[in-house]
Amino acid sequence: MRRRARDGYTDDQAVAVPPARLGHVVEVQPYTPQTIVGTATITAQALIFRMSEGRRAGASTASGKPDNWDDRRMTRTDGHLLDNRQAEAAERFEAFATLFDPTTFRHLQALGAGPGWRCWEVGAGGTSVVSWLAKRVGPTGRVLATDIDTSRIAPAGRPPVEVRVHDVGAEDPPGEGFDLVHARLVLVHVPDRERALHSMVKALRPGGRLLVEDADPALQPLLCPDEHGPEQQLANRLRHGFRQLLARRGADLSYGRRLPRLLREAGLRHVEADAYFPVTSPACAALESATVRQVRDQLVAAGVAGHEDIDRHLANVASGGMDLATAPMISAWGRKA
Ligand SMILES: C[S@@+](CC[C@H](N)C(=O)[O-])C[C@H]1O[C@@H](n2cnc3c(N)ncnc32)[C@H](O)[C@@H]1O
Numbered sequence: 058m059r060r061r062a063r064d065g066y067t068d069d070q071a072v073a074v075p076p077a078r079l080g081h082v083v084e085v086q087p088y089t090p091q092t093i094v095g096t097a098t099i100t101a102q103a104l105i106f107r108m109s110e111g112r113r114a115g116a117s118t119a120s121g122k123p124d125n126w127d128d129r130r131m132t133r134t135d136g137h138l139l140d141n142r143q144a145e146a147a148e149r150f151e152a153f154a155t156l157f158d159p160t161t162f163r164h165l166q167a168l169g170a171g172p173g174w175r176c177w178e179v180g181a182g183g184t185s186v187v188s189w190l191a192k193r194v195g196p197t198g199r200v201l202a203t204d205i206d207t208s209r210i211a212p213a214g215r216p217p218v219e220v221r222v223h224d225v226g227a228e229d230p231p232g233e234g235f236d237l238v239h240a241r242l243v244l245v246h247v248p249d250r251e252r253a254l255h256s257m258v259k260a261l262r263p264g265g266r267l268l269v270e271d272a273d274p275a276l277q278p279l280l281c282p283d284e285h286g287p288e289q290q291l292a293n294r295l296r297h298g299f300r301q302l303l304a305r306r307g308a309d310l311s312y313g314r315r316l317p318r319l320l321r322e323a324g325l326r327h328v329e330a331d332a333y334f335p336v337t338s339p340a341c342a343a344l345e346s347a348t349v350r351q352v353r354d355q356l357v358a359a360g361v362a363g364h365e366d367i368d369r370h371l372a373n374v375a376s377g378g379m380d381l382a383t384a385p386m387i388s389a390w391g392r393k394a
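With positions in the sequence shown counted from 1, the corresponding number in my numbering is that position plus 57.
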């Protein structure tokens, strides 16, 4: 059945690009400065490449490795306050899936994602979006899932999914000719988010779709918009401190609202955007609990709160008596000319 996608293209038109065009994306190549491989298949050669790439970026240490290099995991860990390898990261990814997957999937479906599509999922984090895309594109499609830390996504790395370590703000795109490029809650954390956005646009085929979804905490900065008691005040104080930590790491807390303009400036057509945020939900409480436990030491070290405040807040969250919200997530999409 031919179904008309939101931007006027039908599914049939969208999948008319020969699969061969993306062949190099899904095959392991000889290593060149433009190619990398994923954690699942990483080799000494790849490690050497990534170290030399770190030197190119001017980030090397005396050992010749980027100063953010993690030998054990072969991932980069900087620039992102919330390390994917910590146990709480899995809880956070599950909460993101519960809270935001329905919105994301609605957009991806409306953009026409379907059989045979070649997709790049940027900053994939967990497995829910990648698994959904894998089902949509089927055996004739491809889903390239990249992240600076692939520890949570690696288990999804079987056809049609390929997992690669890749820094979207510092490296060339890992392929070209994609029908769809998607990033959710990623660019806000990337120091060179302008380069990242241009890289994502560059990777699209003409007519390919970009969907960028990012938070705009400055639009709605409160964890408890209904601040009616001391529990909610404490919650909002901790949230404010957490946001300050993110901003000090280079996060742009007003990024979401800029997306439509940035997509147009990057040359995309038919740009539209909307926003979603839950005002109260058990998943918001799960997300808050995991986040605060994950950044507890940083909050204390930055003088935002003491351990007692944090314990009290975590108990308040666990009691289920507060209405906890998130920042709005702005979804912006467009089509490459
Ligand atoms: C808040 S999580 C969102 C994960 C997932 N996209 C989701 O919506 O559930 C941000 C993800 O972006 C990744 N990330 C941060 N900086 C990145 C970069 N420069 N390049 C690629 N991924 C990056 C993190 O490792 C993490 O997995």
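Using N, Cα and C, we set each Cβ at its ideal position, and we do this for glycine too.
Residue range 287 to 305 is occupied by the alpha helix (DSSP H) that includes residue 288, with no beta strand (DSSP E) assigned at that position. Residue 201 carries a strand assignment under DSSP once its states are collapsed to helix, strand and coil. Counting C-beta pairs with one atom in each stretch, the segment 171 to 180 and the segment 200 to 208 have three or more that are closer than 8 Å, which means they touch. For residue 224, the shortest C-beta to heavy atom distance toward ligand 1 is below 8 Å. In the three-state scheme derived from DSSP, where H, G and I count as helix and E and B as strand, residue 349 is classed as helix.
Collapsing the DSSP output to three states places residue 367 in a helix. When the alpha-carbon of residue 366 is set against those of 277, 293 and 309, the nearest one is in 293. 9 Å or more divides the Cβ of residue 154 from the Cβ of residue 194.
A distance below 6 Å between beta-carbons, with the five flanking residues on each side excluded, links residue 308 to the following residues of its chain, in chain order: 245 and 246.
Within the segment 229 to 291, the complete alpha helix (DSSP H) segments of 4 residues or longer fall at 250 to 259, listed in chain order. Between residue 332 and residue 254, the C-beta gap is not smaller than 9 Å, which leaves the two residues out of contact. Partner residues in the beta bridge of residue 325, as assigned by DSSP, are 393. Under DSSP, residue 386 takes part in a beta bridge, and its partners are 272 and 333. For residue 177, the three-state secondary structure derived from DSSP is strand. Proximity of the segment 379 to 393 to the segment 262 to 270 meets the contact definition, three or more beta-carbon pairs being nearer than 8 Å.
Looking from the CA of residue 291, the closest CA among 381, 168 and 190 belongs to 381. DSSP, reduced to helix, strand and coil, places residue 187 within a helical segment of the structure shown. In this structure, residue 220 lies away from residue 227, with their beta-carbon atoms at least 9 Å apart.
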